[in-house]
Every structure is written in structure tokens, then in C-alpha cells.
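Student:
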Amino acid sequence: DSRVPANQIVGLLPGEVFVHRNIANLVVHSDLNCLSVIQFAVEVLKVKHIIVCGHYECGGVRAALENSDHGLIDNWLRHIKDIYRVHQVQMEATSSAQEKQDRLCEINVIEQVANVCHTTVVQNAWKAGQQLTVHGWIYSVGDGILKDLKVSITGADEIADIHRLA
């Protein structure tokens with residue numbers, strides 16, 4: 067969440083976390099900014115962990131759930147709407163609008179972990195034997211609790227398991 071410094075959430079000092087932020091924490095295969103950040107982190111900084119961290123009460127997820135015209139941002143939010151469509155049975159089974167939004171925030175993080183894992187940068191790092199784990203976490207702005215969604219992928223052979231977790 068952009069309202070809380072990333073290093074504070076994970077208990078690290080400023081400068082110990084390399085961060086990329088965007089609306090609804092999306093990792094899109096055509097987003098050269100995001101892909102460049104991942105490439106720099108993996109190939110230059112040689113990070114060992116990539117964390118996709120979403121948050122509850124996400125305005126992007128909330129907007130994607132609305133049947134309203136939000137203008138240009140609707141093109142970006144299309145990715146969230148597609149995730150909803152893929153998981154529609156599960157989403158429709160939720161008992162409240164808040165539960166639906168919270169669950170979509172979690173599923174979105176899991177799907178973005180998969181997207182990170184499918185990038186050529188991460189695939190090539192794994193092929194080269196680089197130690198790299200991609201994690202999925204979610205932050206509760208209300209109480210400050212950081213929840214591990216139990217999604218930690220350490221190699222290409224584990225990617226298929228991600229979708230079973232969503």
C-alpha cells in the first residue's frame with residue numbers, strides 16, 4: 067500500500083527493499099516499467115526474494131468490482147475483472163460484498179505471483195541456477211497485519227501449483 071513504506075511493513079531499514087508499485091499490484095506482460103524493475107532486481111541486484119504484496123481495501127480491486135465507468139483506468143482494471151471471471155464460481159459463493167473484495171485481493175496476489183514467475187527474467191534466473199523465491203503476501207491496512215498467503219515459488223516446476231491455491 068502506498069500509504070505505508072514497504073520497509074516498515076517488513077521491518078527493514080530504508081533502502082533494504084527495492085520496490086515497484088502500481089494500482090492493484092498488477093504484473094502485466096506488456097508493462098515495461100514493471101518488467102524493468104524485476105530485471106534490475108534479479109539481474110543486477112541479485113535479489114533472492116520477490117514479494118508480491120497486495121492489501122485489503124484496495125481501491126483498484128474495489129473499482130474493478132463496480133459496474134461504473136472509471137475512464138482510462140478501466141483498461142488497467144480489465145486484468146482484475148479477468149481474474150474475477152476465471153474465479154467467478156468461488157467469488158459468487160462469498161457471503162458478503164466485503165468478503166468478496168477481500169478474497170479477490172488475495173486471489174489477485176496469487177495470480178500476480180504466477181505472472182512474476184512467468185516473466186522471462188525469472189524463468190532465465192531459475193534456468194541459470196539463481197536462487198530466487200517469489201512470495202505472495204497481503205497487508206491489512208486496518209490492523210497492520212501482514213499475512214503470508216502460503217505462496218512461495220522457488221522454480222519453474224512449481225508454477226502449476228499456484229493456481230490450485232487461488
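Quick note on numbering: the sequence shown equals residues 67 to 232 in our numbering. Where a beta carbon is used, it is the ideal one built from N, C-alpha and C, also for glycine. From a predicted model like this one, the values you see are computed outputs, not experimental measurements.
Output needed for HIS115: all residues of its chain with C-beta closer than 6 Å, excluding positions within five of it in sequence on either side, in chain order.
Tutor: The residue labelled residue 115 in the question sits at position 49 within the sequence shown. Contacts found: THR199.
Student: Would you be able to state if there are at least three C-beta pairs under 8 Å between the stretch 154 to 163 and the stretch 184 to 193?
Tutor: no
Student: Could you give the residue range of the alpha helix (DSSP H) that holds HIS201?
Tutor: For the purposes of this step, residue 201 is taken as residue 135 along the sequence shown, with counting starting at 1. Here HIS201 belongs to no alpha helix (DSSP H); instead the beta strand (DSSP E) covers 199 to 205.
Student: Since VAL11 is in the alpha helix (DSSP H), which residue starts that stretch and which ends it?
Tutor: Examination of residue 11 is not possible in this model, given that the chain is present from 67 through 232 alone.
Student: According to DSSP, simplified to helix, strand and coil, what is HIS184?
Tutor: Here the question's residue 184 lines up with position 118 in the sequence shown. In the structure shown, HIS184 sits in a helix (DSSP, three-state: H, G or I).
Student: Relative to the alpha-carbon of PHE84, which residue among ARG128, ALA90 and CYS100 has its alpha-carbon at the smallest distance?
Tutor: Mapped onto the sequence shown, residue 84 falls at position 18. Looking at the Cα atoms, CYS100 is the closest of the given residues.
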